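Q:
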Amino acid sequence: MNIRRKQDPRNVARELLESQGIRSAPIPVEKIAKALGVQLRFSPLDEELSGMVYVKDGAPIIGVNALHHPNRQRFTIAHELGHYMLHRELLSSEVHVDKQFKILMRDTNSSTGTDAIEIEANKFAAELLLPSFLIDDLLANSTFDIDDPEPLEKLAKKFRVSKQMLEYKMRG
């Protein structure tokens, strides 16, 4: 899939879901990574480091903190896939770890959303894990109060995301 950087990250996520034929929750983010030829590596990392995307010997790899909650790992994979889809050109020039590694890392500062590429990766991840077409369908067929924690928890469980991520997505 050839994606141009200037596209809306949410549209890129929707196109990816469509190309993979995914129409129901939870979104199989690990399967999507594999279909794109991206290897996943789960390793214990420092608490503040969620994950990273890098290229080694021409192959894209997403490293994920094995110590984090599975829902957080899913978000990290989606976020790093966002970098891979949207910012691939940076993977060869962002940070040198050693001669064979080029890396973009997701850490605690990534979630603050102040860096343009982090904002784009977060938007991509939110749309990938909580596609608007699925959320809109669910909301159209129910009475839903965003301030009521019980249905939020059920919906977060269905999509295998955190309640905070669901609130972020639903509040726009």
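The working numbering puts the first residue of the sequence shown at 3, with every later residue one more than the last. The C-beta atom is built at its ideal place from N, Cα and C for all residues, glycine as well. Keep in mind it's a predicted model, so treat the numbers as computed, not measured.
Which same chain residues end up closer than 6 Å to residue 55 when comparing Cβ atoms and leaving out the 5 residues on each side of it in sequence?
A: What you label residue 55 is simply residue 53 of the sequence shown in a count that begins at 1. Here the set comprises 64, 82, 85, 86, 106.
Q: Is residue 43 helix, strand or coil when you go by DSSP?
A: Translated into positions along the sequence shown, residue 43 becomes position 41. Three-state result, residue 43: strand.
Q: Tell me the residue span of the alpha helix (DSSP H) that contains residue 24.
A: Counting from one through the sequence shown, the residue named residue 24 turns up at place 22. That residue, residue 24, is in no alpha helix (DSSP H); it is neither H nor E in DSSP.
Q: Taking the C-alpha atoms as reference points, what is the distance between residue 157 and residue 91?
A: Taking the first residue of the sequence shown as 1, we reach residue 157 at position 155. Taking the first residue of the sequence shown as 1, we reach residue 91 at position 89. Between residue 157 and residue 91, the C-alpha separation is close to 36 Å.
Q: Per DSSP, what kind of secondary structure is residue 72 in: helix, strand or coil?
A: The sequence position of residue 72 within the sequence shown is 70, counting from 1. Note: residue 72 maps to helix in three-state DSSP.
Q: For residue 58, write down the residues that DSSP places opposite it in a beta bridge.
A: Locating residue 58 in the sequence shown gives position 56, where the first residue counts as 1. Note: residue 58 sits in a beta bridge opposite 61.
Q: Candidates 137, 117, 163, 141: which alpha carbon is nearest residue 31's?
A: Reading the sequence shown from its first residue, position 29 is the one you call residue 31. Comparing Cα-Cα distances from residue 31 to each of 137, 117, 163, 141, the minimum goes to 163.
Q: Can you say whether residue 26 is buried or exposed, counting buried as having 16 or more other CB atoms within 10 angstroms of its CB?
A: Taking the first residue of the sequence shown as position 1, residue 26 is located at position 24. Residue 26 is exposed by the Cβ-count criterion.
Q: Give the secondary structure of residue 38 by DSSP, where H, G and I count as helix, E and B as strand, and everything else as coil.
A: For this step, residue 38 is matched to residue 36 along the sequence shown. DSSP places residue 38 in coil when its eight states are reduced to three.
Q: Is there contact here, the stretch 30-46 with the stretch 59-78, by at least three beta-carbon pairs under 8 Å?
A: Yes, the stretch 30-46 is in contact with the stretch 59-78.
Q: Under three-state DSSP, which class holds residue 12?
A: Sequence index remark: in the sequence shown, residue 12 carries index 10 (1-based). If DSSP states are grouped into helix, strand and coil, residue 12 belongs with the helices.
Q: According to DSSP, is residue 143 part of a helix, a strand, or is it coil?
A: By 1-based counting over the sequence shown, the position of residue 143 is 141. Note: residue 143 maps to coil in three-state DSSP.
Q: If distances are taken between C-alpha atoms only, which option among 38, 57, 74, 34 comes closest to residue 49?
A: Here the question's residue 49 lines up with position 47 in the sequence shown. Measuring from the Cα of residue 49, the nearest candidate turns out to be 74.
Q: Which same chain residues end up closer than 7 Å to residue 22 when comparing Cβ atoms and leaving out the 5 residues on each side of it in sequence?
A: Looking up residue 22 in the sequence shown gives position 20. Excluding sequence neighbours, residue 22 sits near 34, 37.
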